[in-house]
Amino acid sequence: MATAEKPFIRQDGKDKVTGLGRYTADLDMTGMLQAKFRYSDHAHARITRIDTSNAKALPGVFAVITHEDVPDVRYGPFVQDRRLFAKHKVRYEGELVAAVAALTDEIAQRAVELIEVDYEPLEIVSDVEAALEPGAPLLHEDWASYGASEDVVREGNDCSRSTILKGDPDKGMAEADIVVKERYVADMSHAVPIEPHAVVAQWQGDRVTIWSSTQVPFIARSGVATTLELPEAHVRIVVPHLGGGFGGKCEFHYEAQVAALARVAQRPVRLVFSRREEFLAPDHRREGQVLELETGVRRDGSIVARRGRLILDNGAYSADAPFFPQLAAMMAAGPYKIENVFVDASLAYTNTTPSGSVRAPTAPQACWALEQHMDSVAGQLGMDPVEFRRRNIVKNGDEGPTRQVFEDIGAAETLERAVELIGYGKELTEDEAIGVAVGWWPSFGIASGAYVKINGDGSATIITGAQECGTGAVMALPLLAAEILGMEPESFSLLYQDTDAGPFDSGASGSQTTFNNGRAVMAAANDVREQLLDLAAEQLEANRDDLELKDGAVSVKGSPTKSVTIPELAEAAHGSTLLLGRGADAVPEMPASDAAGCTGRLGMESFLAPTFITHAVRCKVDRETGVVRVLEVAAVHESGRVLNPIGANGQVEGGVVMGIGMATLEGSLIGEDARQLNPHLLDYKLQTASDSPPIHIGWVDSPTKPGAGGPNGSKGIGEPPCVPTPGAIANAIAQVTGARVHQLPMTPARVWEAMQR
Amino acid sequence: MRYDATLNVNGRAYPVAIEPGRNLLSVLRGEVGLTGAKEGCDDSECGACMVLLDGQPVNSCSYLALQADGREIVTIEGLAGEDGQLHPLQQAFLDQGGVQCGFCTPGMLISAKALLDRNPSPDEDEIRLALSGNLCRCTGYSGIVRAVQAAATQR
Amino acid sequence: MSAQSYTAATSVDEALEAMAAGARPIAGGTDLVVGARGGKAPLPDALVAIHRVSELRGIREQDGGLVLGALATHADLVASSTVCELFTALADASAIVGSHATRNAGTIGGNVMNASPAMETGGPLICFDAIATLRSASGTRRVALADLLTGPGRTVAEPGELLTELAIPAPKDGTGSCYARLEYRRQMEIAIVGATAVVTLDGGTVRDARIAITALAPTIHRVAEAEQALNGSDASDAAVQAAADAAAGASRPISDVRGSADYRRAMAAVLTRRAISTAIARARGGRFPIPASPALHGAVNGGAP
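Residue numbers (the working numbering), protein chains in the order written: chain F, 1 to 757; chain Y, 758 to 912; chain C, 913 to 1217.
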């Protein structure tokens, strides 16, 4: 692609480097009130009384609302287990009991404190294994009566259970020369976008406009419509610049509560979260996992069987998480040739903040465990860990865990390139080592739409429902349209961020923007291209089949003088039929699989256009303190075809550093009362610029077949970069110290403790 | 009680009347009307609110507004030239992939400017150390470091 | 934040007058304002800003030692060649406080009076025998730093007393020093375990050793047993190790999100040993980077290179 070679500067960049761009918290309106929430005082308790009268009486307070002031609706994408405000029970510390709108933050906070709530505390369930024990207190006593997707397998505190079965794992394990069984535990971590959540709502008559820092405006719209019982046409979601998301701003959050406050107050209302609230909020959290992995191998290094038992921490309510067990089961099976597989994964309700789709949900943790396990097995075999992977990694024609047959993949190539880039085998000091890990991740095929219109002067506008969260995915859409229309990307403006303007898109989630909306934009561009050619055929009095469109003009092949420019065509069109393209490409079909032996099937039994990744890291471990410094990373990705190198590299660089954070320091601890102990950036430590190493990036070009992937053979790119990093670091640590760290994050203290054993 | 003060922001004097407890960030974003500096945390850990105070980088969230009375403040909005010409650092952030979501960008650019003002040709590690008070979650810092290197070379 | 009144003093006398009337001083705000935002403690009702008081600024030499104005920032200390050469541990400590922004705004006076058991500069100031000058409307007194700090956030200073300067006497010839901190990240850290060593050599013999531990007890304090283990010794690895073990033995660490007590105790020995080794190397004239902590990551046997 010609455009792929050219560096591309994002359209929103100037707004951002000058500080003039507005984010949600920057919005102000005459008469605007400030919102504050009253959170639960317990992680698990029955509510016996709520009295808001003192709060309502406070001067400057315009609205105090509870569950009584909103429709009695339970909602959730897979299991309808949550409400806007707690009604009978609270189930985690961040649960909303009431909301206040007042003239100032200080008055709102004072009012929140004046709300009286009486509770009857209940036994706390914070351990996922204890939650699934028979006789454990149920978080949701009425779970069986909740609405839920038919395919979700539920039982008590197990909110969603999935199994993957292939071949005969028991027989395979019995035939193995060596069997290795290990247990790993991953603590919860967080998305931590630098912009905390913010929402502004304003009513005009019976319609509400909500400015929200959401990654998923259309999902937010349907959430507001469902919970406030409004038609979607009465709800408009607008997203100002979005200060990062990483999945923490997926799902539907607070738009309805703020809208409800604004309706009662009859004034615009703004909610801006503190960093602490950002940590307590639902679905901003990457779930904890307990993983038991067992692998049987032959002496030649071939894997004959794998078994896994996984328990994921759902937290108190479920948003996206019910499909995590199936996803995690696929991750535990891994991108390896294995004839016999059984993985059983559960999602346990606990009295902690609900888990959400944080960047590649389930994958970094499960990959961290599996890739350490792979190194352990290689160790038992006396085989080099890279060689062990080389013998088992999937190639074209191989079958995945559910007998999906892989086509056009480059997994093995990522492994070879990564070890080459890092210089695997080179001489290192005693306290340094290179660790390697392989990972994979699906693309998500979801319906998505866009329009392309040619303006009267020949410039163009893309109107899309897609949402930009910082990655640049929306910013890169003009590249795709420009190529089809023979125009420059700079000739396109973008209208997005507004549910009243663009057609549906599922938002900045699932690495799906380029993958799905890119195809929609291409379809819309092709639609308008046809219109341009029709018009040009008329104008040039030529046969339409003889025309070509390039460099901003349509000309007759072989007679370049017979030509009409796009601006000329646009001007002509504005005298008659306008040039308007619409696009909504068909979703690619899921690859065939044999999931007959699987249960809890929620769409992850095969991976659409899977990407493959190998990270190789060089680490230095202070063996006296357990402090790990990552000195260098080689990240090689097979992501089909790369469309926008500056954007793609940016995703890898950011993902790797997020992965380093997860590996070494990022973990939320909870106390006996199930409250988070470190909901602030002083003790939830992100990597700084000085902790971040040079990252060598490699791309394995392996485009998908037409119709099997994203635009021009591309695959999803945003989530995969954080997947194998923690596992690679873990393997480097184990090589330096001779001790494996079985808990994530691998903090200095845990590395040190592992060395003492 | 409110106190009168004059904040000199980006070369313009702003007379304000503010309570003693107000931090500089809230006054810049409120009374002064410049929302470029951001609030990203509660404990001075993220650097999104960074401004230059008499030429030195300061987290404006943890600085009393009244203490800035009469002093020179430069916010992100003051980096570009009066004609709108981008500062070399701003242009380099765009060229080198130093901007994704943009929320850390204002503080990051302020830190980078402070660095180049005191050390016009920093090496890579000096750049990384100088930017460590500004957290970025998108870029992994690579594009930002490249941008500062590029801007330093241009000077 | 609840502050009701504010005044900006231009002289120490003005500041003291305001303090006599109940105001609390504020300089860079890096502890006070951050603490108020984080909900640790509201801002005092009455504030007197002292950032304009020029007599509190600066670092000056006096009798071969130094006098640090209360408004000297961490950045000022690191920029002082005298601090780096004669009081190297103080430079090690000042250079790793927070970020550039914190080091520019944060002052030594505020740092000391905040009395955090995790403050970086505390150990070096105690080991260098720093004397704090406390002034109030009714008089002036001088207090050794070790006596000034009485607990987390607590000092012997009366409400009306302002710390105006810190005097550090000239070090003896043959002295080297180091402050070393356990660092999970390379920047933006808070001390989880810290150790200060100030070692004076006389030929091959340790004539005087000062060892203090940080974030390992309610106050930063010197460890006599550790100093005894070194004093009169030949500064051998064994003597250094004995001193480090004594420091760990004297620690009373807590378990919290930053680390368990066991881990902290073990790290007390590691960091103390590294600080002593580096101080000895510096006393012998060896050059070692400032700040020492980042360079000590993975130091084999904890020694200076």
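Built from N, CA and C at the ideal position, the CB exists for glycine as well.
Item checked: Amino acids of chain Y, ordered along the chain, whose beta-carbon sits closer than 7 Å to that of residue 690 (chain F) -> 885, 886 and 889
Checklist line | Extent of the continuous beta strand (DSSP E) run through residue 937 (chain C) | finding: Start and end: 936 to 938.
Item checked: Whole runs of the beta strand (DSSP E) within the region 791 to 847 of chain Y, excluding any shorter than 3 residues -> Within the region 791 to 847 of chain Y, the complete beta strand (DSSP E) runs of at least 3 residues are 807 to 810, 813 to 816 and 829 to 831.
Margin query: For the structure I just gave you, are there three or more beta carbon pairs, one from the region 661 to 675 of chain F and one from the region 742 to 750 of chain F, closer than 8 Å?
Written below: yes
Margin query: For a test of the three-state rule: what should DSSP assign to residue 904 (chain C), helix, strand or coil?
Written below: It is not possible to answer for residue 904 (chain C), since the shown part of chain C is limited to 913 through 1217.
Next item on the list: Give a yes or no on whether 8 Å exceeds the smallest Cβ distance from residue 766 (chain F) to chain Y.
Entry: The displayed coordinates of chain F run from 1 to 757. Any statement about residue 766 (chain F) would go beyond what the structure contains.
Margin query: Check for me: the alpha helix (DSSP H) holding residue 577 (chain F) runs from which residue to which?
Written below: From DSSP, residue 577 (chain F) is part of no alpha helix (DSSP H); its letter is neither H nor E.
Next item on the list: Determine which residues of the region 933 to 948 of chain C have a Cβ less than 9 Å from any Cβ of chain F, and write them out in chain order.
Entry: none
Notebook entry, point to check: For residue 963 (chain C), which residues from the same chain have a beta carbon less than 6 Å from its beta carbon, with the 5 sequence-adjacent residues on both sides left out?
Noted result: 939
Next item on the list: For the beta strand (DSSP E) containing residue 161 (chain F), list its first residue and its last residue.
Entry: 158 to 166
Margin query: Does chain Y have any CB closer than 8 Å to the CB of residue 1093 (chain C)?
Written below: no
Next item on the list: Find the residues of chain Y that neighbour residue 959 (chain C), judging by a C-beta separation of less than 7 Å, and give them in chain order.
Entry: 777
Margin query: Within the continuous alpha helix (DSSP H) that includes residue 218 (chain F), where are the two ends?
Written below: 217 to 227
Checklist line | Three-state secondary structure (DSSP) of residue 782 (chain Y) | finding: Helix.
Checklist line | Bridge-paired residues (DSSP) for residue 765 (chain Y) | finding: Y:770 and Y:829
Next item on the list: Buried or exposed for residue 910 (chain Y), please, with buried defined as at least 16 other CB atoms from any protein chain shown within 10 angstroms of its CB.
Entry: exposed
Item checked: Interface flag, residue 898 (chain Y) vs chain F, CB-CB below 8 Å -> Residue 898 (chain Y) counts as touching chain F.
Next item on the list: Report all residues from its chain with a CB closer than 6 Å to the CB of residue 642 (chain F); omit the five preceding and five following residues, and keep chain order.
Entry: 648 and 699
Check: Can you list, in chain order, the residues of its chain whose CB lies under 6 Å from that of residue 469 (chain F), leaving out five sequence neighbours each side?
Finding: 215, 242, 245 and 508
Notebook entry, point to check: Quick one: Cα of residue 1085 (chain C) to Cα of residue 1192 (chain C), how far?
Noted result: When rounded, the separation of the alpha-carbon atoms in residue 1085 (chain C) and residue 1192 (chain C) is 13 Å.
Check: residue 458 (chain F) and residue 325 (chain F) look like a contact to me (Cβ under 8 Å); what is the Cβ gap, rounded to whole Å?
Finding: 52 Å between Cβ atoms; not a contact.
Item checked: One or two residues paired with residue 434 (chain F) in a DSSP bridge -> F:618
Notebook entry, point to check: Under three-state DSSP, which class holds residue 1079 (chain C)?
Noted result: strand
Checklist line | Beta-carbon proximity of residue 850 (chain Y) to residue 797 (chain Y), cut-off 8 Å | finding: no
Next item on the list: Taking all protein chains shown into account, decide if residue 1068 (chain C) is buried (16 or more other Cβ within 10 angstroms of its Cβ) or exposed.
Entry: exposed
Check: Using the rule of at least 16 other Cβ atoms within 10 Å of the residue's Cβ for burial, across every protein chain shown, is residue 865 (chain Y) buried or exposed?
Finding: buried
Note to self: Helix, strand or coil, according to DSSP, for residue 696 (chain F) in the structure here?
What the structure shows: strand
Item checked: Span separating the alpha-carbon of residue 843 (chain F) from that of residue 757 (chain F) -> No answer is possible for residue 843 (chain F): it lies beyond the span of chain F, which begins at 1 and ends at 757.
Checklist line | Residue span of the alpha helix (DSSP H) that contains residue 46 (chain F), given as start and end | finding: Residue 46 (chain F) -> not in any alpha helix (DSSP H); beta strand (DSSP E) instead, spanning 45 to 51.
Margin query: Less than 7 Å between C-beta atoms, sequence neighbours within five positions excluded: which residues of the same chain meet that for residue 172 (chain F)?
Written below: 296, 304, 305, 339 and 340
Notebook entry, point to check: Over what stretch of residues does the alpha helix (DSSP H) that includes residue 388 (chain F) continue unbroken?
Noted result: 385 to 392
Notebook entry, point to check: Is there at least one Cβ from chain F nearer than 8 Å to residue 1175 (chain C)'s Cβ?
Noted result: yes
Notebook entry, point to check: For the region 253 to 316 of chain F, which segments carrying the alpha helix (DSSP H) assignment without a break, of at least 4 residues, lie completely within its bounds, in sequence order?
Noted result: 255 to 265 and 275 to 280
Margin query: Bridge partners for residue 181 (chain F) per DSSP, in chain order?
Written below: F:294
Notebook entry, point to check: Using a Cβ-Cβ distance under 8 Å, would residue 970 (chain C) count as near chain Y?
Noted result: no
Checklist line | Test item: CB-CB of residue 1126 (chain C) and residue 1030 (chain C) under 8 Å | finding: yes
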